[in-house]
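Beneath this line is the structure, given in structure tokens, with notes to follow.
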Amino acid sequence: MSYSKSEVLFALKEVIYFPKNDNIVNLNMVRDIKTEDNKVSFTLVFPTAKDKNSAIVIPACRKAIAKNLDDKLEVEIKETSEDLIGGKEPLSGVKNIIGVASGKGGVGKSTVSANLALSLAKTGAKVGIIDADIYGPSVPLMFGLVDGRPEIKKENGKDVIIPIKKHGIKILSIGFFVDPEQALIWRGPMATSALKQLFNDTDWGELDYLVVDLPPGTGDIHLTLVQEVPVTGVAIISTPQEMALADARKAMAMFQQNKIEVPILGLIENMSYFTPPELPDKKYYLFGKEGCRKLAEKTNTTLLGEIPIVEKIREAGDEGTPVTLDKENAVTKAFDELAANVIKQVNIRNVEKAPTQKVKIEK
Ligand SMILES: Nc1ncnc2c1ncn2[C@@H]1O[C@H](COP(=O)(O)OP(=O)(O)OP(=O)(O)O)[C@@H](O)[C@H]1O
Ligand SMILES: [Mg+2]
4 MSYSKSEVLF ALKEVIYFPK NDNIVNLNMV RDIKTEDNKV SFTLVFPTAK DKNSAIVIPA
64 CRKAIAKNLD DKLEVEIKET SEDLIGGKEP LSGVKNIIGV ASGKGGVGKS TVSANLALSL
124 AKTGAKVGII DADIYGPSVP LMFGLVDGRP EIKKENGKDV IIPIKKHGIK ILSIGFFVDP
184 EQALIWRGPM ATSALKQLFN DTDWGELDYL VVDLPPGTGD IHLTLVQEVP VTGVAIISTP
244 QEMALADARK AMAMFQQNKI EVPILGLIEN MSYFTPPELP DKKYYLFGKE GCRKLAEKTN
304 TTLLGEIPIV EKIREAGDEG TPVTLDKENA VTKAFDELAA NVIKQVNIRN VEKAPTQKVK
364 IEK
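Going by our numbering, the letters in the sequence shown line up with residues 4 to 366, in that order.
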């Protein structure tokens with residue numbers, strides 16, 4: 004049987020690195036986990052080379068895997084140190100990475116990503132957003148940063164990108180580096196290497212949530228994201244029409260495929276209903292009613308939010324001031340509720356990393 008990376012991490016949480024009085028998972032010492040049938044391998048990164056504690060930590064890891072997962076698993080542990088690999092892992096300060104995806108284009112991923120990021124930040128969380136839509140970046144426009152150019156600093160001889168800060172969140176888009184028309188002709192490998200840079204060659208610092216606005220559909224970018232980055236979960240957006248829902252199901256299936264297995268945090272229905280400003284109590288279900296709610300029930304996922312069609316959402320997006328910045332607007336409440344549900348689901352996933360009941364959940 005093959006275990007997931009999070010199961011391995013959870014099993015290793017009971018291994019303590021005594022000099023820092025914390026477990027090796029919290030200390031981000033476990034890297035590069037690979038699992039296959041009957042085998043687990045990973046690298047332990049000690050603060051300095053030839054750390055004497057490895058004589059205690061390595062056998063303790065083997066014991067924890069045998070006890071919490073399977074005592075017949077082959078366990079391969081490589082040992083290295085931070086000074087040898089040149090500092091910390093790039094995303095080590097980022098607690099949760101949330102992908103925003105959809106099967107169909109134009110359903111509101113970018114709009115929802117931007118407003119979700121701002122609503123998350125309103126809770127006091129540290130938030131960043133990556134516009135991973137290499138072929139049609141829209142985050143620069145939505146944040147009024149069309150001419151934005153991030154600064155680059157040198158660190159250990161390497162160029163490191165500093166995200167642009169606006170409205171209290173850190174923002175990065177491929178649109179800051181290339182003319183969108185040029186990006187359109189990029190081939191797969193160029194696009195994926197650009198995406199990797201947005202994650203790995205960037206000083207994200209400490210973040211509670213990094214929201215990733217994905218391109219539509221399921222392509223190279225999605226695969227790169229799930230393979231290269233420790234994604235906490237994805238939220239799938241759909242509009243209520245049957246066509247969009249069918250594509251949302253395809254996107255869900257892709258993320259749940261064997262070997263990918265990224266948790267689905269839930270579904271977000273965008274353009275759920277229309278409420279005319281002069282009739283605030285009326286809801287017109289232009290594209291059908293409760294399509295995402297029904298799909299969530301059918302697929303045993305959570306409905307994270309229902310966002311109405313509001314002219315102000317589009318206007319505010321086009322003007323570079325996402326609607327949630329306006330506290331008075333009724334639709335802001337819908338985004339705040341969405342953010343609260345996303346936080347809830349992320350917290351559930353972080354606890355659920357327990358592989359079996361045998362493992363104690365730390366208090
Ligand atoms: N709830 C809404 N009410 C009104 N307009 C909306 C709403 N959601 C999105 N829009 C508008 O619909 C258009 C498409 O939205 P957006 O760019 O966010 O979609 P997308 O899924 O990111 O598209 P793409 O697949 O091209 O990346 C934009 O003009 C946006 O302002
Ligand atoms: Mg978009």
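Even glycine gets a Cβ: it sits at the ideal position worked out from N, Cα and C.
query	result
Sequence-distant residues of the same chain with beta carbon closer than 6 angstroms to V33, five excluded per side	L15, I27 and F45
Three-pair Cβ contact test at 8 angstroms for the stretch 133-149 versus the stretch 273-288	no
Through-space distance from T324 to Y6, alpha-carbon basis	44 angstroms
Segments of 4+ residues assigned as alpha helix (DSSP H) that fall wholly inside the stretch 128-212	142-145, 183-186 and 191-203
Sufficient close CB pairs (3 or more, under 8 angstroms) joining the stretch 195-212 to the stretch 166-181	yes
Residue closest to T195, alpha-carbon to alpha-carbon, out of T38, M145 and V232	V232
Proximity below 7 angstroms, CB of I2 to CB of V110	This structure leaves residue 2 out entirely; the chain is present only between 4 and 366.
T335 (DSSP reduced to helix, strand or coil)	helix
Residue closest to P280, alpha-carbon to alpha-carbon, out of P243, N332 and G294	N332
Outcome for M257 when other beta-carbon atoms lying within 10 angstroms are tallied against a minimum of 16	buried
Reduced DSSP category for T114 - H, G, I as helix; E, B as strand; rest coil	helix
Length at least 3, wholly inside the stretch 283-344: the beta strand (DSSP E) runs in chain order	306-312
Backbone secondary structure at T227 - three-state DSSP	helix
Proximity of S367 and T38 at Cβ, strictly below 7 angstroms	Residue numbering for the chain in the displayed model covers 4 to 366; residue 367 lies beyond these limits and cannot be assessed.
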